[in-house]
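Be aware that the sequence shown starts at 1, since it is given in the UniProt record's numbering, and climbs by one per residue.
Cβ coordinates follow ideal geometry from the N, Cα and C atoms, glycine included.
To start, the structure under review is shown below, and the notes come after it.
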Amino acid sequence: MNGRQSPFGTVAVALLTLCTAGAGGEGAAWASSEQTFPQRATAFADKPAIAVGTAWYPEQWPEAQWEADLSLMRQSGFNTVRIGEFAWSRMEPAEGRFDFDWLDRAIAAARRHGMMVVIGTPTAAPPAWLTAAYPEVLRVDENGVRAGHGGRRHFSFASARYREFCRRIATELARRYGHDPAVVGWQIDNEVGPPSFDQEAVNAWHAFLQKRYGTIETLNRRWATQYWSQHYNSFEQVPLRASGQQNPGLLLDFKHFASFMWTDYVQSQAKALRPLVDPRAFITTNTMFWNAGFDHFEMHRGLDLAAWDNYIPEGRPDWVANGANHDLVRGYRQRNFWLMETQPGRVDWAGVNRALDPGQVREMAWQAIGHGADAVLYWQWRPAPNGQETYHGAVLGQDGRPSPIQPEIARTATELNSAANLLADTTPLAKVAMLFSYDSRWAIDLQRHHRDFDPVKAFTAFYRPLRVQAQGVDVISPGANLSAYRLVVAPDLMVLDQRQADALAGYVRAGGNLVLGPRSGMRDDANALWPQRQPGPLRSLLGAEVAQYHALDEGVKIAGAVQGGATIWAEEMVPLARDVKIIATYADSGGWLDGKPAIVTRRVGRGSITYVGAWLDPVPMAQLMAGLLAEKGIAPFIPDTPADVEVAVRAGGGKRVLIAINHGSEPHPMSLPASAALRGGDWVDGQLAAHGVAWFELQKDAR
Ligand code: GLA
Numbered sequence: 001m002n003g004r005q006s007p008f009g010t011v012a013v014a015l016l017t018l019c020t021a022g023a024g025g026e027g028a029a030w031a032s033s034e035q036t037f038p039q040r041a042t043a044f045a046d047k048p049a050i051a052v053g054t055a056w057y058p059e060q061w062p063e064a065q066w067e068a069d070l071s072l073m074r075q076s077g078f079n080t081v082r083i084g085e086f087a088w089s090r091m092e093p094a095e096g097r098f099d100f101d102w103l104d105r106a107i108a109a110a111r112r113h114g115m116m117v118v119i120g121t122p123t124a125a126p127p128a129w130l131t132a133a134y135p136e137v138l139r140v141d142e143n144g145v146r147a148g149h150g151g152r153r154h155f156s157f158a159s160a161r162y163r164e165f166c167r168r169i170a171t172e173l174a175r176r177y178g179h180d181p182a183v184v185g186w187q188i189d190n191e192v193g194p195p196s197f198d199q200e201a202v203n204a205w206h207a208f209l210q211k212r213y214g215t216i217e218t219l220n221r222r223w224a225t226q227y228w229s230q231h232y233n234s235f236e237q238v239p240l241r242a243s244g245q246q247n248p249g250l251l252l253d254f255k256h257f258a259s260f261m262w263t264d265y266v267q268s269q270a271k272a273l274r275p276l277v278d279p280r281a282f283i284t285t286n287t288m289f290w291n292a293g294f295d296h297f298e299m300h301r302g303l304d305l306a307a308w309d310n311y312i313p314e315g316r317p318d319w320v321a322n323g324a325n326h327d328l329v330r331g332y333r334q335r336n337f338w339l340m341e342t343q344p345g346r347v348d349w350a351g352v353n354r355a356l357d358p359g360q361v362r363e364m365a366w367q368a369i370g371h372g373a374d375a376v377l378y379w380q381w382r383p384a385p386n387g388q389e390t391y392h393g394a395v396l397g398q399d400g401r402p403s404p405i406q407p408e409i410a411r412t413a414t415e416l417n418s419a420a421n422l423l424a425d426t427t428p429l430a431k432v433a434m435l436f437s438y439d440s441r442w443a444i445d446l447q448r449h450h451r452d453f454d455p456v457k458a459f460t461a462f463y464r465p466l467r468v469q470a471q472g473v474d475v476i477s478p479g480a481n482l483s484a485y486r487l488v489v490a491p492d493l494m495v496l497d498q499r500q501a502d503a504l505a506g507y508v509r510a511g512g513n514l515v516l517g518p519r520s521g522m523r524d525d526a527n528a529l530w531p532q533r534q535p536g537p538l539r540s541l542l543g544a545e546v547a548q549y550h551a552l553d554e555g556v557k558i559a560g561a562v563q564g565g566a567t568i569w570a571e572e573m574v575p576l577a578r579d580v581k582i583i584a585t586y587a588d589s590g591g592w593l594d595g596k597p598a599i600v601t602r603r604v605g606r607g608s609i610t611y612v613g614a615w616l617d618p619v620p621m622a623q624l625m626a627g628l629l630a631e632k633g634i635a636p637f638i639p640d641t642p643a644d645v646e647v648a649v650r651a652g653g654g655k656r657v658l659i660a661i662n663h664g665s666e667p668h669p670m671s672l673p674a675s676a677a678l679r680g681g682d683w684v685d686g687q688l689a690a691h692g693v694a695w696f697e698l699q700k701d702a703r
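Here's what the structure looks like:
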């Protein structure tokens, strides 16, 4: 720890140093492995290409049970266990006194059964001795209330002392198991969040702002603090707030701060692990459904692969919306990922914890594979005898016998094992990219202007027809290289900085086709209005601007090449350049929008830029996307698939694998490409069975 004196204290100086070295994305300070990981579950050539398994908590059960558990796992087709992520008080029962004997035996038992092992660092659950001796490590919420013991995630992400304890336990684990032949990967912490508002966090916030803005004058200018007498004379005066009556610049920077802090927290463990573990072992952390607690692209710059926990809390899957989150996770590293947790039937944290229907647990596993997962792990193997999650779905009951869902899970695991060699080295194909901007999502959520303008729903409204019609979509960050895509859709890119705008303009000028959705280009990265009207720095490229935006309490009609209605949001577009074409106009008798352009487009060399000013209903949205895809020559792998049927193609290593999933309860005929050779699943007489899955190998030249 750096001991220099600073107005921010020693922690903040250390954070500043790390921030300078790493957070800019230069890469030098990141702990990720130097190698490029292959598109398979692990970089160990002798291990299965697809991991299937479960979260296993040997510390919760008598050791005499382990052998039977592991045998049942093997019989269920599992080849992987994730262990350790909440077992700190068992690993280190008192400060500095480590007990790994039980873990040695658990890992050895898993190894004997041929299991791959992922070790979770146990830092999401600090032990009672730690928080009792060092209460300052406990998290403080925004109202100043300090957390107590008994739950989890009750630590401060800013606590230097806590990070030291975390590094120490991570180091001990890495020294002991870093080269264990069964250990293939490391998960840091578990679903990191929420932030803390303790004094160390306040100090770190001030250091972060100083690093970001250099001088307090710059901060004042970027946040426009002349408004409501918000002017600050020094960084120390700036409150640490995440919500409430605050400057939107401050609130967006809080998100930047939280992103930096969580990334740095995870990196501090990654850096402890990396030198001590096998270079082929991956280092990751597991993330949550559409979680907006930090910028996930930033978090993953320093990790080897992405891993996430996919749950359908109400037990009613919307396959397209769920697929969007899979694609986002694949976008964090632009490579295949791990599905680190998924439900064996039901969860225990929804309003009504309905179980998935028979067949749907299998569908969801295959969906993950179709979207680029190389691992499917269930949470959890069996419920703990007590504790907060005894109602959660599990593969076994508390008596150690299989739950009714187990045969379906075992069938899925067996299928994935049999398809593993075919799937090895393949990754989903997509010719369309969508941009997901955390800054925009946060900024919209901070000031929705229409309570129903949910940025995830807005994103999904664009994603839905694209996914259904193109059968493959990459979801990537606004800063990613776009040159591989014929079509790039940015549903609500409200926050846009000059660099991103230049990159997007460069993509269009080089022949790319960019589609912007409502609210795009309104604000800069300090959440301030661009001096130009929307789309701000892309206004001159578009040759049009937004004259006014409107929150709608009832729908408005749209007419033109795209027909139907729009709800929630509508922007009045004004063409400025003569070559701008109007795709659709509003019909809003006597209203502000009547007869005004709703969607405009402009050719730029061989490329184009299109601006969609309204939240279109599903029908016009589908028409618009169909038109764009046809114009850009992007065809589905299988045309005219029924709405219930999901199609994905993974390609690589000289192979193409088509996966078809029937999410509905009726069988569906489908016309497959002539080159499709059935490799497994429920394909009978040219039909895909109800809730059925089938996979095919395609000839190389097939679409
Ligand atoms: C999360 C956590 C797990 C468990 C599950 C239950 O994903 O990572 O520890 O609590 O939820 O659904």
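Based on the DSSP secondary-structure assignment, which residues constitute the bridge partners of Arg146?
Numbered from 1 along the sequence shown, position 146 holds the residue referred to as residue 146. Residue pairing by DSSP places Arg146 opposite Val140 in a beta bridge.
Restricting to Cα atoms, I'd like to know which of Pro537, Pro195 and Ala174 is closest to Val183.
Position 183 of the sequence shown, counted from the first residue, corresponds to residue 183. Nearest in C-alpha terms to Val183, of all of Pro537, Pro195 and Ala174, is Ala174.
For Gly244 and Ala94, I'd like the C-alpha separation in whole angstroms.
Numbered from 1 along the sequence shown, position 244 holds the residue referred to as residue 244. Numbered from 1 along the sequence shown, position 94 holds the residue referred to as residue 94. Distance between the alpha carbons of Gly244 and Ala94 is about 41 Å.
How about Ala324 and Tyr463: do their beta carbons lie closer than 8 Å?
By 1-based counting over the sequence shown, the position of residue 324 is 324. By 1-based counting over the sequence shown, the position of residue 463 is 463. Yes. Within cutoff.
Of the listed residues Ala490, Tyr265, Pro478 and Arg90, nearest to Gln498 (C-alpha basis)
The residue given as residue 498 occupies position 498 in the sequence shown. Minimum Cα-Cα distance from Gln498 among the listed residues Ala490, Tyr265, Pro478 and Arg90 corresponds to Pro478.
How many angstroms separate the CA atom of Thr412 from the CA atom of Arg176?
For the purposes of this step, residue 412 is identified with residue 412 of the sequence shown, where counting begins at 1. For the purposes of this step, residue 176 is identified with residue 176 of the sequence shown, where counting begins at 1. Taking the straight line from one Cα to the other gives about 33 Å.
Does the Cβ of Val347 lie closer than 7 Å to at least one heavy atom of ligand 1?
By 1-based counting over the sequence shown, the position of residue 347 is 347. True, at least one ligand heavy atom lies under 7 Å from that Cβ.
Decide yes or no for the touch test of the segment 312 to 320 against the segment 266 to 283: beta carbon pairs closer than 8 Å, at least 3 of them.
no
Can Phe86 and Ala147 be called in contact, C-beta distance under 8 Å?
Looking up residue 86 in the sequence shown gives position 86. Looking up residue 147 in the sequence shown gives position 147. Not a contact, by the Cβ cut-off of 8 Å.
To the nearest angstrom, how far is it from the Cα of Tyr485 to the Cα of Lys431?
Looking up residue 485 in the sequence shown gives position 485. Looking up residue 431 in the sequence shown gives position 431. Rounded to the nearest angstrom, the two C-alpha atoms are 5 Å apart.
Quick one: any contact between the segment 463 to 477 and the segment 390 to 409, if contact means 3 or more CB pairs under 8 Å?
no
Cβ neighbour criterion (16 or more within 10 Å) applied to Glu608:
Here residue 608 refers to the residue found at position 608 of the sequence shown. For the record, residue 608 in the displayed sequence is Ser; it is not Glu. So Ser608 counts as buried.
Looking at the strands, I want to know which residues DSSP matches up with Ile83.
The sequence position of residue 83 within the sequence shown is 83, counting from 1. For Ile83, which the question treats as bridged, DSSP gives the partners Ile119.
Alpha carbon to alpha carbon, how far is Gln563 from Val619? Give it in angstroms, no decimals.
Here residue 619 is taken as the residue at index 619 of the sequence shown, counted from 1. Here residue 563 is taken as the residue at index 563 of the sequence shown, counted from 1. Distance between the alpha carbons of Val619 and Gln563: 8 Å.
Return the chain-ordered ranges of every beta strand (DSSP E) run that is complete within the segment 443 to 487 and spans a minimum of 3 residues.
473 to 476
Of the residues Ala158, Ala577 and Pro194, the one placed nearest Gly543, counting alpha carbons only
The residue you call residue 543 lines up with position 543 of the sequence shown. Cα-wise, what sits closest to Gly543 is Ala577.
Three-state secondary structure (DSSP) at Trp592?
Mapped onto the sequence shown, residue 592 falls at position 592. Here Trp592 carries a coil assignment [DSSP, helix/strand/coil].
Mind checking which residues open and close the alpha helix (DSSP H) that includes Pro597?
Position 597 of the sequence shown, counting from 1, holds the residue named residue 597. Not the alpha helix (DSSP H): Pro597 falls in the beta strand (DSSP E), residues Pro597 to Val604.
Within this structure, are the beta carbons of Gly185 and Ala281 separated by less than 8 Å?
Counting from one through the sequence shown, the residue named residue 185 turns up at place 185. Counting from one through the sequence shown, the residue named residue 281 turns up at place 281. In this structure, Gly185 places its C-beta atom within 8 Å of the C-beta atom of Ala281.
Do the CB positions of Gly521 and Pro537 come within less than 8 Å of each other?
For the purposes of this step, residue 521 is taken as the residue at position 521 of the sequence shown. For the purposes of this step, residue 537 is taken as the residue at position 537 of the sequence shown. Closer than 8 Å, so yes.
Over what stretch of residues does the beta strand (DSSP E) that includes Ile583 continue unbroken?
As a first step, residue 583 must be located in the sequence shown, where it is residue number 583. Segment Lys581 to Ala587, the beta strand (DSSP E) holding Ile583.
At a cut-off of 7 Å, would you count Glu314 as near ligand 1, judging by its Cβ distance to the nearest heavy atom?
Along the sequence shown, one-based indexing puts residue 314 at 314. Not under cutoff, so the answer is no.
Does Thr171 come out as helix, strand or coil in the three-state DSSP assignment?
Working through the sequence shown from its first residue, we reach residue 171 at position 171. DSSP, read as helix, strand or coil, puts Thr171 in helix.
So Thr427 and Asn286 are in contact, right, with Cβ under 8 Å, and what is the actual spacing, rounded?
As a working mapping, residue 427 is identified with position 427 in the sequence shown. As a working mapping, residue 286 is identified with position 286 in the sequence shown. 20 Å between Cβ atoms; not a contact.
Tell me whether the beta-carbon of Arg606 lies closer than 8 Å to the beta-carbon of Gly506.
Stepping through the sequence shown from its first residue, residue 606 is reached at position 606. Stepping through the sequence shown from its first residue, residue 506 is reached at position 506. Contact: no.
So for Trp129, helix, strand or coil by DSSP?
Numbered from its first residue, the sequence shown carries residue 129 at position 129. It is helical.
Tell me the DSSP bridge mates of Ser608?
Translated into positions along the sequence shown, residue 608 becomes position 608. Per DSSP, Asn513 and Arg603.
Can the beta-carbon of Pro195 be found less than 8 Å from the beta-carbon of Asn527?
Mapped onto the sequence shown, residue 195 falls at position 195. Mapped onto the sequence shown, residue 527 falls at position 527. The answer is no: Cβ separation not under 8 Å.
For Trp262 and Ile169, which I take to be in contact (beta-carbon distance under 8 Å), what is that distance rounded to the nearest angstrom?
Against the sequence shown, residue 262 aligns to sequence position 262. Against the sequence shown, residue 169 aligns to sequence position 169. About 18 Å separates the two Cβ atoms, so there is no contact after all.
Closer than 7 Å to a non-hydrogen atom of ligand 1 - does that hold for the CB of Leu392?
To locate residue 392, count along the sequence shown from 1; it is residue 392. Just to set this straight, residue 392 is His in the shown sequence, not Leu. Within the cutoff, so yes.
Where do the ends of the alpha helix (DSSP H) carrying Arg111 lie?
Here residue 111 refers to the residue found at position 111 when the sequence shown is read from its first residue. Note, Arg111: alpha helix (DSSP H), Asp101 to Arg112.
Taking only heavy atoms of ligand 1 into account, decide whether any of them is closer than 7 Å to the Cβ of Glu309.
Counting from one through the sequence shown, the residue named residue 309 turns up at place 309. This sequence places Asp at residue 309; Glu is not what is there. Indeed, a heavy atom of ligand 1 lies less than 7 Å from the Cβ.
Closer than 8 Å by C-beta to Ser259: which residues in its own chain qualify, once you throw out the five before and the five after it? Chain order, please.
Residue 259 sits at position 259 when you count from the first residue of the sequence shown. Answer for Ser259: Phe294, Asp295, Glu298, Met299 and Tyr438, listed in chain order.
Quick test of your reading: Glu697 and Lys632, contact by CB under 8 Å. State the CB separation rounded to the nearest angstrom.
For this step, residue 697 is matched to residue 697 along the sequence shown. For this step, residue 632 is matched to residue 632 along the sequence shown. About 28 Å separates the two Cβ atoms, so there is no contact after all.
For Gly613 and Val600, the rounded distance between their alpha carbons
As a position in the sequence shown, residue 600 is number 600, starting the count at 1. As a position in the sequence shown, residue 613 is number 613, starting the count at 1. Each residue's alpha carbon lies about 8 Å from the other.
Taking the alpha-carbon positions, what's the Leu303 to Val468 distance?
Within the sequence shown, residue 303 is the residue found at index 303, counting from 1. Within the sequence shown, residue 468 is the residue found at index 468, counting from 1. Using only the alpha carbons, I get a separation of about 31 Å.
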